[in-house]
Every structure is written in C-alpha cells, then in structure tokens.
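Visitor:
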DNA sequence: TGCTATAATGTGACCGGTCACAATTGTGAC
DNA sequence: GTCACAATTGTGACCGGTCACATTATAGCA
C-alpha cells in the first residue's frame, strides 16, 4: 500500500548520487568502495527501505541458494526432526531449505520437475527414497543425498542411522536379559533400514550362538496397528517368543497394547524394545525401552553433505552412519 | 554433465524455426498459435529436453506463486498436519508452499526479511502467531493468514478450531457423565486457544448451573510433563477434581501417567479428556477420550484464504472456525 | 482479383540485479 | 608539476523469460 513498487538499486543509486554498480557493490560487501561512498549509499538504502530482490539476484547469478528436501510426508515425527535439523544447518550456511511431501511417485515426479528441472533448487535431500520406485526418477543433474538409506548408485551421498548396529544392540540387550526366542517385527521389506536392522538382529543371535527361527520374523508397515497384528500372530505359535524387537516405536506400542489385551504382563511375560525414542515413549504403559537415534544430527549432516557437493561438485560422495543409543525403560 | 547449459526458449525457437515469442506462447498454452506450429515447437521442446526456467519467469512476471508458512517448529504433530494440508491445497492451486520453522523471534524476523522483503513469497501463513511477540514483526505488505489464532488487526485473515465450542463440548461431556468438580489444565496464558477453550469451559459450567472453582484451573505448557505436574498439584487440594479437561492430548497423557503413579483408576476415580486426537491417542492406557480437530482442513482452508487474498487483494478478510468432534474412548 | 478484418508471428524493451570491462579519479615518486 | 599506476566508479550487455506492440500471413467477402 505504502509504496506502489519497491525501490531498486537504480533508485538507491540516484538518491546517493552514484551508479547502480556501486550500490550493487555495497549490497554484496565487495571492497573497492570508498568508505565515504559506502556510508552515503547505506544511508540511501535505509531512507528508501531498499531490500535487494532475491529473485533478480538468482536470475543474474544463476544460483538460488536453495535446497529441497523431499519426504514421503511431513507428519511422521522422525521425518520432521530430520527436516528441522537440515533446515537449521542450511540456514546457518546461508541456504534455504524447501521441504515438500511427496506421498506418491506422481507427486514426487511433479516436485522434481518443478524444483529441479526449472532450476529453482541446487541440491536435493531425499528422505526414504525406497518408499516405492521413486528413486528411479531422480535426475543426475543435481547434487543429491539420501537420508535414512544407502544409495544404490555411487553419485549420491547418504546419511543414515547405523541400522545394523542398532539391530545388534537391541537384540543383544534382549539376549543379555536371558531371552532366547526373540520375535522381530520388521518394517516394509523393500526399505534399507528394515534389511539392515534385520541383519543386525541375525548377527547378534549368531554371535550368541542362538539359532534363529524364521517363524519369529514378521513384516509390518511401521504402524501401531501392524505391530498389534504381528504380535497376535506370534502368540499363536506353538512356542511363542518371550521378547519382541520391533523395528520402530509405533509398532512396539502396538505390541504393548496387544499384550495388554491378552493379559500378558510386561516385561515379565514379554519384553519389548523399539527404535526411535519417540516423544511420548516414556508415557506408555509400561514406559518403552528403545533405541534413540539423533534425528536432528542426521538432518544436519545430510544438509552439510549436499552443500558440500553443491559447492565442490568434485569432492567425493560421503556415506555416514550415526550410532543409536540404548534407552532402557520398563518394557524390558 | 550431459549438457553444459540447459536450452532456453531461444534455442527451442531456432530449432523449430520460429521466434522465441512463439515458444513462450506454446509454453503458456496461450491461443493464437497455429496447431501445426504448436506441434513443431513441442517437438523441439521434447528433443532438446527444454524446461522453462522458473526463476526467469518470476523475474519477468513479478509473481513467484510461492506462499510461506511460518511455524514455531515442524515436529509438533498438529503443526505438521496443518502444513501438509496447506501444502496440498497450495499445490492444487498451482502454488508452492515454503515452510520454515521459526523457534524464536530473531529467526522469525530473519525469515520474514528473506522471504517477504526480498520478494520471494506472495503470501504468508503464520501458525501460532502469539507464541511470543513475533506477531508485532509482521509486515502489512503481504497477504497474511493466522492459523490457530484470531488476528488482532483487521487486515489479516484467520482459520482456527472453534476453541470456545471445543471447550464447551469437552466440559459438557464431563458434566453429562455426572462430574461436578472438573479440573482444567490450560496451555500458556498468552495464546488465544487457551483463552477460548477456557471460556468454553466456563460457559458450559455456567449453563449447567455449576459454580466454577478457580482453584481447579492450572496453567501448563502443552507438554506431557506439565500435565503430570498439574495433576499432582490438583490432587493435593482438599476437594480434588473427579474429572480433568486437559487442553491438549499431550498434557492429558501426562495426567494419565500421574494418575496411574498414584494408583487412581481411570475413568472410575478420575475421568480425563484431551484435545487433538493425536495419532497414538487410542494406544495409551486407557485409550484417551478427546476432541478431534481436522487439522488438514484447517491447513487447506488457510491456504485457500491466502491465495484468495493474493489473487483478489480487495476481497474481504475471512475468519473461519472449524468444529471439533468428540471422540469417546475409555478415559471417560 | 482486390481489399479489409483477423489470425499468426516477430521485434524491441524490460524485470532488477550481476558481470566484464572502460573510464575516471586519486596517490606517490620523480 | 607530471607521470605511472592503483583505487574507485561508471557503462553496456546479459541472465531467460514476458509484455506491448509492429508486422506479416491467412481468410472472408464483395
């Protein structure tokens, strides 16, 4: 309302009695401007309330300083933390982070087109790239980092939880408590972390000289309901498990509930451990033992990696694994 | 790597043997292009893999088709749902939604500067504007909508839960069950929804002819811990409440826990109701009675409102209230 | 067939910055 | 006081599209 159209560098230049180029120099803090001139220009900027038009800067420099984070959704707590971590890091380094949810492949493709092909973004963070076949749609023209999964090709960096280690840690914890028949409730088969946590589980069993029983391994979909159903099936076995390792907390909560509905005491009749340490984990009944992952750190690292690749395209791709931490509460 | 620099409309024009303006027409689907010509241009676009540079389009048209949603954080489930809803709606209408977390006023101010002053964004969604004094920083140069709060000035639209109605509904539910001493655990004093849910509570009590007791009203900070502590204090009263209305689910969960720790049976000794219907509400012990709010709808409506104001600046500002729905489970 | 009305296409300037380089000014040495 | 050289400052073109308008091709009709 106040000003019909906002002032440009040329307006500032006119007011300060210099050329637009000098104003540009002042904006960018380049040297080669006499202090007296700089002061004069800065005064003009203040008087006019001038702010550089970022779009025009992008246009001229060809660089948007914007990263895009694509996630299956924004509401999953783990994804949200990763995004927030990445956002912080990006902001600190002078970048923007645009985050968008791509619930399906079509949306993913659309977003890719709008962000990458139209040159709005300089780097890509992809959370959970193997949710479906979306990873096949990725262009190789833009620096990319996978979050929570190993890349299938070499040109992409990655940051993830040390899932094998986490699987091992959880399983060993249950073994240490004397359990020998340990049920495993997995995430979807096609996801990396499912496979890795599984192999950590198998590792730990083998290391303890315990023979694994494939019948104790169930596939869930990360939801509490799927955990509930998995336990129901496990309890129908002739020789049911005495402990459950659920690959995430939501499924573990489903297990707690299914156990309670059947009158099982936890941890006496059944020990339960999850992964994530979600916010209210300690408020369930009983408080959930779990493996905490530092999701913010994962996000921060991921942002760092993309920025590194954006700024030094030839630098080697990195693959980071962050450790999980055992949080013992009362469900084991 | 493949192409050093991506093709522009002039490259396409040369290939198709037309002028760049004709290519521009084809891109934008304007009519006044002979079908034969259009086909030829489209072929050239495909052959070269041309995609219009969005930044250049912004530059030329002055419109970015981008909205910004500022939220205190991205990890709170309610905020995330709102953002996802807004994102969906925006996408459907051909807009982008940039969402950023502004944990404090300084960040909020910075983001405002980067998004608004530098003309990257055309509309603003502000979630929880009264988290602190951030609302005083808002510029009046860009269409703005408050989400989850009433605006303090007329130029801003708003979408929120019908908090008064929700407070009334929750309280009446408890009254209907025969409770007369109903404890209220509020959110922070300075937030609108705290005040509104409180006045709904008072309304319902008055309507039922029950005299309210100010000693039964506690202030929390939305966290489970604060709910836990609030109940602890309420139970020390000479005449403690027989029911609790917590203004959100997290605090309600804290209440459940505090009650369990003291050996109170729920709902026999103490009835508990929350607000939000957060994802695992039905997995707590006992499953939580609560008021569901349609957060996606709130987000969608908010996006709609901003877009409306962006496209028709003179249209009147709207203020929407969405109803809450009672979900009765076993905590009452 | 010629003429006008209309459809289709092309041209130049412009959005608001930046870049590369040219022009000007200031400085120190002689 | 001059000159060479460095420090400042200014100029034109450009980024990749779009706009307004000029130009040309086509169609419609007498």
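Residue numbers (this note's numbering), protein chains in the order written: chain A, 1241 to 1572; chain B, 1241 to 1572. Don't be surprised by glycine CBs; every beta carbon is placed ideally from N, CA and C. Predicted model only: the values in this text are computed from it and were never measured.
1) Which residues share a DSSP beta bridge with residue 1364 (chain A)?
2) If contact means a Cβ-Cβ distance below 8 angstroms, which residues of the region 1488 to 1509 of chain B contact chain A?
3) So what does residue 1559 (chain A) bridge to, in DSSP terms?
4) Does the structure place the region 1478 to 1486 of chain B close enough to the region 1420 to 1428 of chain B that three or more beta carbon pairs sit under 8 angstroms?
5) Which residues of the region 1292 to 1314 of chain A have a Cβ closer than 7 angstroms to any Cβ of chain B? Give them in chain order.
6) Using the rule of at least 16 other Cβ atoms within 10 Å of the residue's Cβ for burial, across every protein chain shown, is residue 1469 (chain B) buried or exposed?
7) Show which residues of chain B have a CB atom less than 8 angstroms away from the CB atom of residue 1555 (chain A).
8) Which residue's Cα is closest to the Cα of residue 1362 (chain A): A:1307, A:1326, A:1374, A:1248?
9) Beta-carbon separation of residue 1288 (chain B) and residue 1252 (chain B) under 7 angstroms?
10) What's the C-alpha gap between residue 1332 (chain A) and residue 1544 (chain A)?
11) Establish whether the CB of residue 1463 (chain A) and some CB of chain B are separated by less than 7 angstroms.
12) Label residue 1324 (chain A) either buried or exposed according to how many other C-beta atoms from any shown protein chain fall within 10 Å of its C-beta, with 16 as the threshold for buried.
13) Quick one: using the 10 Å Cβ neighbour count with 16 as the cut-off for buried, is residue 1503 (chain A) buried or exposed?
14) Using DSSP's beta-bridge definition, name the partner residues of residue 1529 (chain B).
15) Express the C-alpha separation of residue 1357 (chain A) and residue 1464 (chain A) in angstroms, rounding to a whole number.
16) Kindly indicate which three-state DSSP category residue 1252 (chain A) falls into: helix, strand or coil?
17) Using the C-alpha atoms, what's the distance from residue 1347 (chain B) back to residue 1242 (chain A)?
18) DSSP state of residue 1449 (chain B), grouped into three classes?
19) Quick one, which of A:1505, A:1280, A:1372 has its alpha-carbon nearest residue 1343 (chain A)'s?
20) For residue 1339 (chain B) and residue 1311 (chain B), which I take to be in contact (beta-carbon distance under 8 angstroms), what is that distance rounded to the nearest angstrom?
21) Check the Cβ-Cβ distances between residue 1476 (chain A) and every residue of chain B, and say whether any is below 7 angstroms.
22) Over the uninterrupted alpha helix (DSSP H) stretch that includes residue 1323 (chain A), give me the two end residues.
23) Alpha carbon to alpha carbon, how far is residue 1474 (chain A) from residue 1491 (chain B)?
24) For the alpha helix (DSSP H) holding residue 1288 (chain A), just list the boundary residues, first then last.
25) Would you mind sorting residue 1261 (chain B) into buried or exposed? The rule is 16 or more other CB atoms within 10 Å of its CB.
26) Helix, strand or coil for residue 1241 (chain B)? Go by DSSP, reduced to three states.
27) By the criterion of Cβ-Cβ separation under 8 angstroms, what are the contact partners of residue 1324 (chain B) in chain A?
28) Per DSSP, which one or two residues make a beta bridge with residue 1458 (chain A)?
29) If you draw a straight line from the alpha carbon of residue 1255 (chain A) to that of residue 1297 (chain B), how long is it in whole angstroms?
30) Which two residues bound the contiguous beta strand (DSSP E) that contains residue 1554 (chain B)?
31) I'd like to know if the region 1428 to 1442 of chain B and the region 1451 to 1463 of chain B are in contact, where contact means that at least 3 CB-CB pairs between them fall below 8 angstroms.
32) How would you list, in chain order, the residues of chain B whose beta-carbon sits under 7 angstroms from the beta-carbon of residue 1352 (chain A)?
33) Three Cβ pairs or more, each shorter than 8 angstroms: is that satisfied between the region 1313 to 1330 of chain B and the region 1372 to 1387 of chain A?
34) Spell out whether any CB of chain B is found under 7 angstroms from the CB atom of residue 1320 (chain A).
35) By how many angstroms is the C-alpha of residue 1471 (chain A) removed from the C-alpha of residue 1264 (chain B)?
36) On the DSSP bridge list, what partners appear for residue 1338 (chain A)?
Guide: On the basis of the data shown:
1) Partner(s): A:1308, A:1384.
2) 1490, 1493, 1494, 1496, 1497, 1500
3) A:1398
4) yes
5) 1292, 1293, 1294, 1295, 1296, 1298, 1299, 1304, 1313, 1314
6) So residue 1469 (chain B) ends up on the buried side.
7) By Cβ distance, chain B contributes nothing, its closest Cβ being about 16 angstroms from residue 1555 (chain A), past 8 angstroms.
8) A:1307
9) yes
10) 10 angstroms
11) no
12) buried
13) exposed
14) For residue 1529 (chain B), the beta-bridge partners assigned by DSSP are B:1513.
15) 38 angstroms
16) Note: residue 1252 (chain A) maps to helix in three-state DSSP.
17) Confidence in residue 1242 (chain A) is poor, its pLDDT being 34 and thus under 50, which makes the residue's placement too unreliable to answer from.
18) coil
19) The option with the nearest alpha carbon to residue 1343 (chain A) is A:1372.
20) Taking C-beta atoms under 8 angstroms as the contact rule, residue 1339 (chain B) and residue 1311 (chain B) qualify, at a distance of about 7 angstroms.
21) no
22) 1317 to 1332
23) 34 angstroms
24) 1275 to 1288
25) exposed
26) Because the pLDDT of residue 1241 (chain B) is 33, which lies under 50, any placement of that residue in the model is unreliable, and the number read from its coordinates should be weighed accordingly. Coil, per DSSP.
27) 1313, 1314, 1315, 1341
28) A:1425
29) 30 angstroms
30) Here residue 1554 (chain B) belongs to no beta strand (DSSP E), and DSSP marks it neither H nor E.
31) yes
32) By Cβ distance, chain B contributes nothing, its closest Cβ being about 11 angstroms from residue 1352 (chain A), past 7 angstroms.
33) The region 1313 to 1330 of chain B is not in contact with the region 1372 to 1387 of chain A.
34) yes
35) 60 angstroms
36) A:1308
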